[in-house]
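Engineer: Below you will find the structure I want to go over with you.
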Amino acid sequence: MTKISTAMLLAAGLGTRMKPLTDTRPKPLIEVAGRTLLDRVLDKLVAQGVYRAIVNVHYLADMIEAHLKSRTDIEIIISDERAEVLETGGGVIKALPLLGKDPFFVVNTDVTWATANDDTFARMAEAYDPNEMDALLLLAEMGATMGFRGPGDFFLGPDGQLIRRSDKPSAPYVFAGTHITRADLLQGYEAKPFSANIYWNAFGRTGRLYGTVMKPFWLHVGDPKGRDEAEARLLTMGAGA
């Protein structure tokens, strides 16, 4: 098992699809069942032994920074993108000097999952093999999702290698908002706006892009309807789920 103690949290987005809820607050600070999306991610990471989080900020950055001051259970380092939002790939590249040499999680802050006793991050770390994998993506089965309204992203080979949906009408697995990678694999990319899909595709061309399927029911909180659906699901389990 690979011990992973650092995570990058992607919190710099504009939250356009979450309007009007994001007119006055950033998307990571939207509450679902009484807890912000950002805190839900941090809670799960801390519970699995992560003690250092790099959080990128852009839209309403001051609010996120102020909110994070209350977190004394994990070291928080801000990656400031106030000048320009760099998307999921460029944001990671800008933060590389802060992330260190060891493998790290990259986590979207608009997802959560419905489970009371969660070991998802620990199971990911256990599945990650740095000798075989340049990136390991967390996947959800299409039939075990809520709030996601797309055709799916990937097929999963018998050895765990990922195959893009490409021109197929649908795929059985969707990216569930978390991946593991390493800084040395990302050298040469510029800190400019681009999607993490760019380096995933490069890893896939060499057969080193892998996936692992999560056990819990995946909740994509991408818009107000998704927020309401996720809240209803969590409240049926108890708001602390």
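Residue numbers (the numbering used here): 502 to 742. By construction, the Cβ of each residue, glycine as well, lies at the ideal position given by its N, Cα and C atoms.
(1) Would you report the Cα separation of Val533 and Arg728, rounded to the nearest angstrom?
(2) For Leu530 and Met564, which I take to be in contact (beta-carbon distance under 8 Å), what is that distance rounded to the nearest angstrom?
(3) With a threshold of 16 other CB atoms inside 10 Å of the CB of Tyr552, please say whether the residue is buried or exposed.
(4) Is it the case that the segment 631–646 contacts the segment 561–580, given that we only count it when at least three CB pairs across the two stretches are under 8 Å?
(5) Kindly indicate which three-state DSSP category Ala562 falls into: helix, strand or coil?
(6) Look at Leu663 and Gly712 and say whether their C-beta atoms are less than 8 Å apart.
(7) With DSSP run on the structure shown, which of helix, strand or coil describes Val536?
(8) Do you know whose CA, among Thr537, Lys504, Asp685, lies nearest Ala731's CA?
(9) How many angstroms separate the CA atom of Leu569 from the CA atom of Ala562?
(10) May I ask you to report which of helix, strand or coil DSSP gives Asp729?
(11) Sort out for me which residues DSSP pairs Phe622 with in a bridge.
(12) For Gly712, write down the residues that DSSP places opposite it in a beta bridge.
(13) If I follow the unbroken alpha helix (DSSP H) through Thr589, where does it start and stop?
(14) What three-state label does DSSP hand Ile555 in the structure shown?
(15) Where does Asp581 sit, in a helix, a strand or coil, going by DSSP?
Structural biologist: Reading off the structure:
(1) Mapped onto the sequence shown, residue 533 falls at position 32. Mapped onto the sequence shown, residue 728 falls at position 227. Looking at the two C-alpha atoms, the distance is approximately 6 Å.
(2) Walking along the sequence shown from the start, residue 530 turns up at place 29. Walking along the sequence shown from the start, residue 564 turns up at place 63. Sure, about 6 Å apart at Cβ, within 8 Å.
(3) As a position in the sequence shown, residue 552 is number 51, starting the count at 1. That one is exposed.
(4) Because the criterion of three Cβ pairs below 8 Å is not met, the segment 561–580 and the segment 631–646 do not touch.
(5) The residue you call residue 562 lines up with position 61 of the sequence shown. Assigned with DSSP and collapsed to three states, Ala562 falls in helix.
(6) Translated into the one-based positions of the sequence shown, residue 663 becomes position 162. Translated into the one-based positions of the sequence shown, residue 712 becomes position 211. Yes.
(7) Residue numbering aside, residue 536 sits at position 35 when the sequence shown is read from its first letter. Rather than Val, the amino acid found at residue 536 in this sequence is Arg. Under the three-state reduction of DSSP output, Arg536 falls in the strand class.
(8) Residue numbering aside, residue 731 sits at position 230 when the sequence shown is read from its first letter. Of Thr537, Lys504, Asp685, the residue nearest in Cα terms is Thr537.
(9) Here residue 569 corresponds to residue number 68 of the sequence shown, with the count starting at 1. Here residue 562 corresponds to residue number 61 of the sequence shown, with the count starting at 1. Cα-Cα distance, rounded: 11 Å.
(10) Position 228 of the sequence shown, counted from the first residue, corresponds to residue 729. Note: Asp729 maps to helix in three-state DSSP.
(11) Here the question's residue 622 lines up with position 121 in the sequence shown. DSSP, once it has assigned bridges, lists no residue as partnering Phe622.
(12) Here residue 712 corresponds to residue number 211 of the sequence shown, with the count starting at 1. DSSP output for Gly712 lists Leu638 as bridge partner(s).
(13) Here residue 589 is taken as the residue at index 88 of the sequence shown, counted from 1. Per DSSP, Thr589 belongs to the alpha helix (DSSP H) from 588–600.
(14) Here residue 555 refers to the residue found at position 54 when the sequence shown is read from its first residue. Looking at Ile555 - three-state DSSP - the assignment turns out to be strand.
(15) If you number the sequence shown from 1, residue 581 lands on position 80. In the structure shown, Asp581 adopts extended strand secondary structure according to DSSP, grouped into three states.
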